[in-house]
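Taken in order, these protein sequences are the chains called Y and R.
For the first sequence, the residue numbers in the numbering used here are 1 to 112.
For the second sequence, the residue numbers in the numbering used here are 1001 to 1116.
Backbone N, C-alpha and C fix where the C-beta goes; we use that ideal spot for every residue, glycine too.
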Amino acid sequence: DQQVKQNSPSLSVQEGRISILNCDYTNSMFDYFLWYKKYPAEGPTFLISISSIKDKNEDGRFTVFLNKSAKHLSLHIVPSQPGDSAVYFCAARVRSGNKLVFGAGTILRVKS
Amino acid sequence: IAGITQAPTSQILAAGRRMTLRCTQDMRHNAMYWYRQDLGLGLRLIHYSNTAGTTGKGEVPDGYSVSRANTDDFPLTLASAVPSQTSVYFCASSEHGTTAGTETQYFGPGTRLLVL
C-alpha cells in the first residue's frame, strides 16, 4: 500500500509554460514534504520542501503547495526550461522522525 | 571527496554470489540510508542508521545487511544475490534531528547492479 502516490508517470510541457506535478498521500502523520529531482545516471537531488504547518513555499521558479485537508501537494515550475527535464520524486517524513517515504516519480519532459 | 561516493558504479553478479556495495560520506552526517530504485516503485528504503553503531530495517530489508562502524561509511551486503535484487542502489545521508530541515537527505550517484 503506497502511502505517497504520484499518479502521473509522465508529463510533457512546452518551454516557458507552467509544469504542475502532483502528489497525494494517505498518512496523516506526515509532517514534512520534499521534492527531489533526478537526472539519468545521477542520484536524486533535493529541490524544495514544505512543513505541514504551511500551505506554500516558494524558491525562485519552484513553488510547492500543500492542501492538508485533501492530503495533496503539488510542485509548480514557472517558467519551465528544457533543463528541468528529469524525474521528480515526492517524499514525506513521518512526524518527528527521519525516514522518508517516496512516491514512484513523475518524468517531466520540457520541449523547446 | 565531496558529499557521498558509492562504489562500484555498476556490477554484473552471478546469482548466489556475495556482494558489498560501498558508501562513504564526508559531511559528518549522523544518519545514513540505503535505497533501491525500481521502475514504477520509486525509492524504497532497505536499511538505515541514525548514528554510528546503530542500524535499523527499512521497508525492504530481506536479503540485505548493513553495518555502521564509523560515521563516514555504511556498506550494504547481499549475502547471496538473487535476480530480484537487480536494481539501482542509492546511498544517502542526513544530519538527522527531530526538527524540520534536518531530514533533507543527500544522495550518492548510485550503483547499478545486475544479478544473473
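From what residue to what residue does the beta strand (DSSP E) around residue i run?
{"i": "residue 1004 of chain R", "result": "1004-1007"}
{"i": "residue 68 of chain Y", "result": "Element bounds for residue 68 of chain Y: n/a, residue is neither H nor E."}
{"i": "residue 1032 of chain R", "result": "1031-1038"}
{"i": "residue 1065 of chain R", "result": "1064-1066"}
{"i": "residue 1096 of chain R", "result": "Segment: none, residue 1096 of chain R is in no beta strand (DSSP E) and carries neither H nor E."}
{"i": "residue 1042 of chain R", "result": "1042-1049"}
{"i": "residue 18 of chain Y", "result": "Taken as a continuous stretch (DSSP letters only), residue 18 of chain Y belongs to no beta strand (DSSP E), as it is neither H nor E."}
{"i": "residue 1103 of chain R", "result": "Unbroken run through residue 1103 of chain R: none, as it is neither H nor E."}
{"i": "residue 54 of chain Y", "result": "Taken as a continuous stretch (DSSP letters only), residue 54 of chain Y belongs to no beta strand (DSSP E), as it is neither H nor E."}
{"i": "residue 1010 of chain R", "result": "1010-1013"}
{"i": "residue 88 of chain Y", "result": "86-94"}
Excluding the 5 residues preceding and the 5 following residue i in the sequence, name in chain order all residues of the same chain whose CB lies nearer than 6 Å to its CB.
{"i": "residue 1098 of chain R", "result": "Confidence in residue 1098 of chain R is poor, its pLDDT being 49 and thus under 50, which makes the residue's placement unreliable; the coordinate value appears in the next sentence. So no residue of the chain qualifies."}
{"i": "residue 57 of chain Y", "result": "50, 64"}
{"i": "residue 20 of chain Y", "result": "74, 76"}
{"i": "residue 1016 of chain R", "result": "1080"}
{"i": "residue 27 of chain Y", "result": "3"}
Using a threshold of 8 Å, state whether the C-beta atoms of residue i and residue j are closer than that.
{"i": "residue 78 of chain Y", "j": "residue 61 of chain Y", "result": "yes"}
{"i": "residue 1058 of chain R", "j": "residue 1046 of chain R", "result": "yes"}
{"i": "residue 1048 of chain R", "j": "residue 38 of chain Y", "result": "no"}
{"i": "residue 6 of chain Y", "j": "residue 104 of chain Y", "result": "yes"}
{"i": "residue 1063 of chain R", "j": "residue 1085 of chain R", "result": "yes"}
{"i": "residue 108 of chain Y", "j": "residue 86 of chain Y", "result": "yes"}
{"i": "residue 1069 of chain R", "j": "residue 1032 of chain R", "result": "no"}
{"i": "residue 1042 of chain R", "j": "residue 30 of chain Y", "result": "no"}
{"i": "residue 1114 of chain R", "j": "residue 1018 of chain R", "result": "no"}
Measuring straight from C-alpha to C-alpha, what distance separates residue i and residue j?
{"i": "residue 1029 of chain R", "j": "residue 1008 of chain R", "result": "22 Å"}
{"i": "residue 95 of chain Y", "j": "residue 106 of chain Y", "result": "25 Å"}
{"i": "residue 1052 of chain R", "j": "residue 13 of chain Y", "result": "45 Å"}
{"i": "residue 72 of chain Y", "j": "residue 10 of chain Y", "result": "18 Å"}
{"i": "residue 25 of chain Y", "j": "residue 69 of chain Y", "result": "11 Å"}
{"i": "residue 1089 of chain R", "j": "residue 1037 of chain R", "result": "6 Å"}
{"i": "residue 1002 of chain R", "j": "residue 1104 of chain R", "result": "17 Å"}
{"i": "residue 1087 of chain R", "j": "residue 80 of chain Y", "result": "31 Å"}
{"i": "residue 1071 of chain R", "j": "residue 88 of chain Y", "result": "29 Å"}
{"i": "residue 1060 of chain R", "j": "residue 1035 of chain R", "result": "9 Å"}
Enumerate in chain order the residues of its own chain whose CB-to-CB distance from residue i is below 8 Å, with the five nearest sequence positions on each side excluded.
{"i": "residue 1075 of chain R", "result": "1020, 1021, 1022, 1023, 1066, 1067"}
{"i": "residue 111 of chain Y", "result": "12, 13, 14, 15, 82"}
{"i": "residue 191 of chain Y", "result": "In the structure displayed, chain Y extends from 1 to 112; residue 191 of chain Y sits before or after that span and is not available."}
Does any heavy atom of the ligand ATP sit closer than 7 Å to the C-beta of residue i?
{"i": "residue 102 of chain Y", "result": "The ligand ATP is not part of this structure, which contains no ligands at all."}
Grab me the residues of residue i's own chain with a C-beta within less than 7 Å of its C-beta, minus the 5 sequence neighbours each way, in chain order.
{"i": "residue 1054 of chain R", "result": "1068"}
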